[in-house]
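Accompanying notes for the structure given below.
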Amino acid sequence: MAAAPGYIVGRARVFADPLDAGKLAAGDIVVASTASPRWLPLFATLGAFVAESGGSLSNAALAARECGIPAVLGVPGATRAIRDGAHIEVDGTAGTVRMLS
């Protein structure tokens, strides 16, 4: 589901919990199981946010729009289908996530 507009191609970082996100580099695309508000402090440095849960009115969607980063939420199986370090394309306007490598 499209949650925040924008387009980016970058490195996916797959995390179960924001506490594990110490290895994030600026511009990385976080792929998470939930759109928990615990992710919000990291949004200022992210390239995009993808989550298996959440919707267009969730805290994550609102924060992504405020920070100007693309977000696609409600993507079932994203943390299983996208491997950590994969090159992916996120189109927050269309609500699509595509693996490139």
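This note's numbering runs 1177 ahead of the 1-based position in the sequence shown. Using N, Cα and C, we set each Cβ at its ideal position, and we do this for glycine too. Please read these numbers as outputs of a predicted model, since none were measured by experiment.
- Query: Short check: CB of ILE1180 to CB of SER1230, under 8 Å?
  - Reply: The amino acid at residue 1180 is misidentified as Ile; the sequence shows Ala. No, these two residues do not count as a Cβ contact at 8 Å.
- Task: Compute the Euclidean distance between the alpha carbons of ALA1255 and LEU1223, then round it to the nearest angstrom.
- Result: 17 Å
- Taking only the alpha-carbon atoms, compute the straight-line gap between ILE1265 and ALA1202 and give it to the nearest angstrom. A straight-line Cα-Cα distance of about 15 Å links ILE1265 and ALA1202.
- Alpha carbon to alpha carbon, what distance is there between ALA1212 and SER1235? 8 Å
- Item | Beta-carbon gap between ALA1221 and VAL1208 smaller than 8 Å | no
- Could you give the uninterrupted runs of the beta strand (DSSP E) lying entirely in the region 1184-1218, keeping only those of 3 residues or more? 1184-1192, 1206-1209
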